[in-house]
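Peer 1:
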Amino acid sequence: MEIGQALKSIRKNLHLSQTEMAGNVLTKSYYSKIERGIHEINASDLIKILMLHQIDINDFFASLGVKDDKMSKDQWMSAIRQAYYKQDIARIKQLEKEVGNVKADDHTLQVLQAIATIVRLQVDKKKDLTIEQKDDIKALIFETNDWNEDSLELFSMSFSFWKDSEREELIRSILKKYAHIQKFSQRLQNLVSAILVNYLSFSIRNREINKRETIRKIFTMLDSLPQLPDNCFAKIMSSYYQAYFLKDDRKIQDIIDFLRNNKMNEIAEVIKVSI
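According to the UniProt record's numbering, the sequence shown is numbered sequentially starting from 1.
#1: Taking contact to mean at least 3 C-beta pairs separated by less than 8 Å, is the region 217-226 in contact with the region 172-179?
#2: Determine the burial state of residue 8: buried for a count of at least 16 other Cβ atoms within 10 Å of its Cβ, exposed for fewer.
#3: For residue 142, count the other beta carbons within 10 Å of its own beta carbon; 16 or more makes it buried, fewer makes it exposed. Which is it?
#4: Which residues does DSSP pair with residue 102 in a beta bridge?
#5: In its own chain, which residues sit with a C-beta less than 6 Å from the C-beta of residue 271, not counting the 5 before and 5 after it?
#6: Rounded to the nearest angstrom, what separates residue 102 and residue 246 at their Cα positions?
#7: Using C-beta distances below 7 Å, list every residue in its chain close to residue 279, excluding the 5 sequence neighbours before and after it, in chain order.
#8: Between the region 195-210 and the region 249-265, do three or more beta carbon pairs fall short of 8 Å?
#9: Using a threshold of 8 Å, state whether the C-beta atoms of residue 26 and residue 53 are closer than that.
#10: Per the contact definition of three or more C-beta pairs closer than 8 Å, is the region 194-207 in contact with the region 154-173?
#11: Using a threshold of 8 Å, state whether the C-beta atoms of residue 129 and residue 140 are closer than that.
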């Protein structure tokens, strides 16, 4: 059975419309074409839809005739992001133990292990990274001479422990490499925009808002992202933080209300704390 056919079968069994099945993950139009086999769905969006409707991932792939006990990297990253936003320390610890069950090369597994450790400590708030752990993470990021998916993922998750000068230098190098962000893959657009949004949040939360030129370039890059569903959240967050700098309390509250009204309460609370 094809993925589109399997999704349609599940949707019918759940008595959901295509709009309800797609949720906030995809537009109804795009999702409809997936069911009809016109478009493909990437792993990240598929996992989001399955988790949205509490569909067992293993059962779903078994229905496709795919039997593989190992998770993909995208599945694991999607799961740990959701656990982070829900501040679910038990789920985070479980995912930390499951890193070895991810289909990836040794270097990527090291990156995922580091991400799991960082997320656990961020949510637990009882401990910080040791100097040795920080050095290991820096080594993983600088192992490549240029940015790639693994180094971007790790930098995004390890934001808080970098020295201000180090973080600033890394952000400038990202802004330079991805200056024409619209020319890169959707995956890289998502990773880069997540880092830039993290930078804005971190700068405001720590009152490091004097780097006007860097912040201006970040807003320019986020605003230049193609108007696609996958870039929707980054564009919303860009508007949110621009409203902060403009002291537009009405717009800030409007965006918070929008997130809450669309069942994204955890995200609303996380970014509200940032302000």
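Glycine is no exception: its CB is placed at the ideal position from the N, C-alpha and C atoms.
Peer 2: Let me lay it out:
#1: yes
#2: The residue you call residue 8 lines up with position 8 of the sequence shown. By the neighbour-count rule (16 or more Cβ atoms within 10 Å), residue 8 is buried.
#3: By 1-based counting over the sequence shown, the position of residue 142 is 142. Per the 10 Å Cβ criterion, exposed.
#4: Counted from its first residue, the sequence shown places residue 102 at position 102. Looking at the DSSP assignment, residue 102 forms a beta bridge with 71.
#5: To locate residue 271, count along the sequence shown from 1; it is residue 271. Contacts found: none.
#6: Against the sequence shown, residue 102 aligns to sequence position 102. Against the sequence shown, residue 246 aligns to sequence position 246. So the alpha carbons of these two residues sit roughly 44 Å apart.
#7: Nothing about residue 279 can be read from this structure; the chain reaches only from 1 to 275.
#8: Two segments are said to touch when three or more pairs of C-beta atoms, one from each, lie closer than 8 Å; by this definition the region 195-210 does not touch the region 249-265.
#9: Against the sequence shown, residue 26 aligns to sequence position 26. Against the sequence shown, residue 53 aligns to sequence position 53. It is not a contact, given that the beta carbons lie outside the stated cut-off.
#10: yes
#11: Within the sequence shown, numbered from 1, the residue matching residue 129 stands at position 129. Within the sequence shown, numbered from 1, the residue matching residue 140 stands at position 140. Cβ atoms of residue 129 and residue 140: not closer than 8 Å.
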